[in-house]
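Structure record follows, encoded as structure tokens.
Numbering (UniProt numbering), first residue to last: 1 to 80.
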């Protein structure tokens, strides 16, 4: 079976500490997504990113703002 790429919202960070802050805030399944290496299609201040299916982008954006979590950008990228 061949895998297909699907659209994801990828959050990039200025620092690893910012990425880890989001991971800590998401502990226990409170926030959707997971930590991934920054995809080659985009560049970022650190090598870590947070990925969610594009359908969950708005939920993630609201959570980032509500919790005051720092991030560099949110970009839509097709990922496996």
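All C-beta atoms, glycine included, are put in the ideal place defined by N, C-alpha and C. None of these values were measured; they are calculated from a predicted model.
- Along the UniProt domain "Putative Se/S carrier protein-like" (10 to 75), the alpha helix (DSSP H) occurs as fully enclosed runs of 4 or more residues at 16 to 26, 57 to 67, listed in sequence order.
- Its Cα nearest to that of residue 15, the residue 38 stands out among 80, 38, 63.
- A residue is called buried once 16 or more other Cβ atoms fall within 10 Å of its Cβ, and residue 72 is buried on that count.
- Here residue 25 is not near residue 60, since their CB atoms are 8 Å or more apart.
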